[in-house]
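Take the sequence shown: its position 124, counted from the start at 1, is 124 in UniProt numbering, and no numbers get skipped.
Glycine is no exception: its CB is placed at the ideal position from the N, C-alpha and C atoms.
Fair warning: this is a prediction, and the values are worked out from it, not measured in the lab.
Reviewing the structure listed below.
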Amino acid sequence: MIFASFLNSRFVTKVGAETMLRIALAIQFLSGMWLILTALLDLGFWSMAIGVAFFVGPNPVISSNAMASALEKCPQMAGTANSLIGSVRFAVGAIMGSLVASMKMDTAVPMLFTMGACVVISVLAYYFLTSRNLKSRG
């Protein structure tokens with residue numbers, strides 16, 4: 001996570017927050033798919049550990065660039081938007097954490113599937129929430 005933050009600080013001024021967000025989401029998506037494969041094929045601890053590291057690593061890049069992109073759209077309401085986004089983030093975390101906790105926990109499979117599902121939802125949300133903006137620009 002520290003390395004990802006360092007890379008973000010070096011490249012965000014060159015390529016922009018939107019591009020960094022897309023790159024980090026792509027890395028996290030690929031890691032999420034790897035985690036699902038790890039769960040399905042029972043590839044073992046090290047496969048899971050590496051997948052989780054690559055899944056969690058882009059989190060600061062995603063959160064900071066998503067926040068910057070969102071606040072860029074409405075600078076006059078930056079404080080309200082920031083607090084709303086933070087509240088939604090905590091609420092979704094609480095809901096997903098509760099869902100995982102309610103599952104039978106003999107293995108790491110429920111956690112890995114939940115991580116994979118969350119990143120699929122993230123990519124779909126990014127696509128559908130930004131596709132209208134991209135079409136209106138082009």
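Can you name, in chain order, every residue of its own chain whose Cβ lies under 7 Å from the Cβ of residue i, other than the five neighbours on each side?
| i | result |
| --- | --- |
| GLY51 | SER31, TRP34, LEU35, THR38 |
| CYS74 | ALA81 |
For residue i and residue j, which I take to be in contact (beta-carbon distance under 8 Å), what is that distance rounded to the nearest angstrom?
| i | j | result |
| --- | --- | --- |
| ILE85 | MET67 | 6 Å |
| GLY79 | ALA4 | At roughly 27 Å, the Cβ-Cβ gap does not stay under 8 Å, so GLY79 and ALA4 are not in contact. |
| ILE2 | LEU25 | Actually they do not touch by this definition, with Cβ atoms about 19 Å apart. |
| PHE55 | MET105 | That pair is no contact at about 19 Å. |
| GLN28 | VAL119 | 5 Å |
Judging by CA-CA distance, which residue of the options is the nearest neighbour of residue i?
| i | options | result |
| --- | --- | --- |
| SER64 | LYS104, ALA17, MET115 | ALA17 |
| SER69 | MET1, VAL12, LEU7, PHE6 | VAL12 |
| ASP42 | VAL123, LEU112, THR130, SER122 | LEU112 |
| PHE6 | ILE23, VAL123, PRO60, PHE29 | PRO60 |
| ARG89 | CYS74, SER122, LYS73, VAL15 | SER122 |
| THR130 | GLY97, ARG22, VAL15 | ARG22 |
Around the Cβ of residue i, are there at least 16 other Cβ atoms within 10 angstroms (buried) or fewer (exposed)?
| i | result |
| --- | --- |
| ASN82 | exposed |
| MET20 | buried |
| ALA125 | exposed |
| MET48 | buried |
| PHE128 | exposed |
| MET103 | exposed |
| GLN76 | exposed |
| CYS45 | According to the sequence as given, residue 45 is Phe; it is not Cys. Answer is exposed; the Cβ neighbour count stays below 16. |
Just to confirm my understanding: we take residue i, look at its own chain, exclude 5 residues before and 5 after, and list those with CB closer than 8 Å. What are they?
| i | result |
| --- | --- |
| ALA108 | ALA39, MET48 |
| LEU71 | ALA78, ALA81, ASN82 |
Going along the chain, which residues of its own chain have a beta-carbon closer than 6 Å to the beta-carbon of residue i, five neighbours each way excluded?
| i | result |
| --- | --- |
| PRO110 | VAL100, MET103 |
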